[in-house]
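Each remark here refers to the structure printed beneath this line.
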Amino acid sequence: MSTSIDSAQINELAVLIADRLFIQVGNWNLYLGDAGLAKDLAIECQANFDQGANVASRKGLEAIEVKLGGGKTKLPLLELIPPNQFFDLEEILEPYCR
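According to our numbering, the sequence shown is numbered sequentially starting from 12.
Written as structure tokens, this is what we have:
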């Protein structure tokens, strides 16, 4: 059974992610929508919906590499979000993983 979703659902998921999840740098929060990463994260998570929200969240956050310093350094998105954001992403993905 395929758990893929259509582009309208990807866009819906990206909107949910965009204003809720953020990269934290010092005391500054950069929301994924502003960083242009929400849709990429939605696509990466969608690829793993059949494995549940926890796995889809982790794999999605690990798959997105964020370029820093003009690309000199790349870190997985998982390393740049506060720990509670992982659980927020799981909560967002839960309805899609059923």
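By construction, the Cβ of each residue, glycine as well, lies at the ideal position given by its N, Cα and C atoms.
- By the neighbour-count criterion, in which a residue is buried when 16 or more other Cβ atoms sit within 10 angstroms of its Cβ, GLU55 is buried.
- If you draw a straight line from the Cα of GLY81 to the Cα of PRO87, it is about 15 Å long.
- The continuous stretches of beta strand (DSSP E) do not include ASN59, and DSSP gives it neither H nor E.
- Pairwise C-beta distances place the region 64 to 73 in contact with the region 87 to 103, as three or more of them are shorter than 8 Å.
- When secondary structure is reduced to three states using DSSP, LYS50 falls in the helix class.
- For LEU79, the enclosing beta strand (DSSP E) starts and ends at 76 to 79.
- DSSP, reduced to helix, strand and coil, places ASN38 outside both helices and strands of the structure shown, so it counts as coil.
- Ranked by how close their Cα comes to the Cα of ILE34, the residues LEU24, TYR107, ALA46, LEU27 have ALA46 in first place.
- If you draw a straight line from the Cα of LEU32 to the Cα of GLU101, it is about 11 Å long.
- LEU79 is classed as exposed because its beta carbon has fewer than 16 other beta carbons within 10 Å across all chains shown.
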